[in-house]
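>
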Amino acid sequence: MTDPEITAELVHALVKDQHPDLAGLAIREVAGGWGNQMWRLGDELAVRMPRTEGAPDLLRKECRWLPVLAPRLPLPVPTPVRIGEPSARFPRPWSIMTWVRGEPLDYASISRGDHAADTLAGFLRALHVEAPAEAPASSDRGDHPKKCTGGFEKFLQAIAPGGFSADVRAVWDVWDDAVAAPEWEGPPVWLHGDLHPANVVVSDGTLSGVIDFDAMFAGDPAWDLAAAWVLLPAGAGSRFFKVYAHADEATIRRARGLAAMKSLFLILMGQNGERGLPGGKPTWGPAGRAALDRVLTSNVRWPSPA
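Residue numbers for the sequence shown follow full-length UniProt numbering, beginning at 1 and rising by one.
1. Starting from the C-beta of residue 310, find all residues in its chain whose C-beta is less than 6 Å away, skip the five residues before and the five after it, and write them out in chain order.
2. When the Cβ atoms of the stretch 247 to 259 are set against those of the stretch 173 to 192, are three or more pairs found closer than 8 Å?
3. Kindly give me the distance between the Cβ atoms of residue 3 and residue 51, rounded to whole angstroms, as I take these residues to be in contact under 8 Å.
4. What does DSSP give as the partner residues of residue 37 in its beta bridges?
5. Which full runs of the beta strand (DSSP E) of 3+ residues lie inside the stretch 141 to 220, going along the chain?
6. Taking DSSP as the reference, what is the three-state secondary structure of residue 237?
7. Using only alpha-carbon positions, find the residue among 274, 126 and 293 that is nearest to residue 284.
8. Rounded to the nearest angstrom, how far is the Cβ of residue 145 from that of residue 178, given a contact under 8 Å?
9. So for residue 223, helix, strand or coil by DSSP?
10. Can you tell me where the beta strand (DSSP E) with residue 84 in it begins and where it stops?
11. Taking 8 Å as the threshold (C-beta atoms), are residue 218 and residue 136 in contact?
12. So, for residue 300: in the same chain, excluding its five sequence neighbours on each side, which residues have a beta-carbon less than 8 Å away from its beta-carbon?
13. In chain order, what residues of the same chain lie with their CB nearer than 7 Å to the CB of residue 129, ignoring the 5 residues before and after it?
14. On the DSSP letters alone, give me the boundaries of the alpha helix (DSSP H) that residue 119 sits inside.
15. Report all residues from its chain with a CB closer than 6 Å to the CB of residue 224; omit the five preceding and five following residues, and keep chain order.
16. Ends of the alpha helix (DSSP H) at residue 283?
17. Based on DSSP bridge pairs, tell me the residues matched to residue 30.
18. If you follow the alpha helix (DSSP H) that residue 7 is in, where does it begin and where does it stop?
19. If you check the beta carbons only, do residue 168 and residue 100 fall under 8 Å apart?
20. In angstroms with no decimal places, state the Cα-to-Cα distance between residue 262 and residue 272.
21. Consider the Cβ of residue 245: report whether some Cβ of chain C lies at a distance smaller than 8 Å.
22. DSSP state of residue 15, grouped into three classes?
23. Classify residue 306 as buried or exposed, calling it buried when 16 or more other Cβ atoms lie within 10 Å of its own Cβ.
24. Apply the 10 Å Cβ neighbour rule to residue 46 and answer buried if 16 or more other Cβ atoms are within range, or exposed otherwise.
25. To the nearest angstrom, how far is it from the Cα of residue 260 to the Cα of residue 249?
26. Below 8 Å between beta carbons: does that hold for residue 19 and residue 110?
27. Considering only the beta carbon of each residue, do residue 62 and residue 213 sit closer than 8 Å?
28. Per DSSP, what are the beta-bridge partners of residue 95 in this structure?
29. Buried or exposed for residue 119, going by 16 or more other Cβ atoms inside 10 Å?
30. Rounded C-beta distance between residue 113 and residue 282? I'm assuming under 8 Å.
31. According to DSSP, simplified to helix, strand and coil, what is residue 104?
See the structure below:
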């Protein structure tokens, strides 16, 4: 069965059928999204409509675990309000979530770097606690960088040499250092799993919310700590790690390598967007190039673990 086109009329009909008390709220489409198409529902809510094969499982994961995590997180995150079940109108589950106010970072910028570093560090300290045994794992991320070299090389080859001005050897040096770093020896901790500029929002020049938790899993915190380079402006990384206080040198080395890989992916998706290819995101290219420059030029100090 082919999924119907997701329109405002369809979203309204689904809400009216399954959650009629919310049917009077205005519906308007939100630009962006990857696995899900987003629609505002009134001023405080959003409807997430899965549009890829794997999205329903990720949606149910969010609805299972975000209510557990959200109460202790110091930034607004989307939390599930209602679940929409598959029906004759639409064959996939869907959800109604709280709306997190702010502008996605790939369309905005951070001007208050110290405040953003403190905010991100506090958020990840609160998130990165030992996860229960039943916490989700990840099938496509979470490994030590040494197991991800194939993906790193694929991204690098796809965009080099014209995708960025950096020395390719310098990029490889960062990756090789991450590969040589010791593995994470602590317990698996809760991770957002996909921190990049389209998955955080900013207001008043600083981070004001974190969105899109469908990649969440338990594992090595380095996967989230890469955000020190991917999200924060130049010069904020050392402050971030000082406030976070729980990352040893090996973890930061892995995080920096993962930040390089994530930067390359953003650049590639930006190029695809500029070419009009499916899944391409034109706004991700500049964000990725800026992040890669920070990876190669930052002078992050290794703080002692708390």
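Note that the Cβ used here is the ideal one computed from N, Cα and C, for glycine as well.
So, from the listed chains and residues:
1. Nothing can be reported for residue 310: it is not among the residues displayed for the chain, which extend from 1 to 306.
2. Short answer: they touch.
3. Residue 3 to residue 51, Cβ: 7 Å. Contact.
4. 49
5. 189 to 191, 200 to 203, 206 to 210 and 217 to 219
6. helix
7. 274
8. 4 Å
9. helix
10. 80 to 84
11. yes
12. If you ignore the 5 residues before and after residue 300, its C-beta comes within less than 8 Å of the C-beta of 228, 237, 238, 241, 252 and 256, all in its own chain and listed in chain order.
13. 189 and 190
14. 113 to 127
15. Cβ neighbours of residue 224 within its own chain (closer than 6 Å, five residues either side excluded): 124, 191, 192 and 195.
16. Per DSSP, residue 283 belongs to no alpha helix (DSSP H) and is neither H nor E.
17. 38
18. Taken as a continuous stretch (DSSP letters only), residue 7 belongs to no alpha helix (DSSP H), as it is neither H nor E.
19. no
20. 15 Å
21. The structure shown contains no chain C, having only a single protein chain.
22. Residue state, collapsed to three classes: helix.
23. A caution first: residue 306 carries a pLDDT of 43, below 50, which makes its placement in the model unreliable, though a value can still be read off. So residue 306 counts as exposed.
24. buried
25. 17 Å
26. Going by C-beta atoms, residue 19 is not nearer than 8 Å to residue 110.
27. yes
28. 48 and 83
29. buried
30. At roughly 25 Å, the Cβ-Cβ gap does not stay under 8 Å, so residue 113 and residue 282 are not in contact.
31. strand
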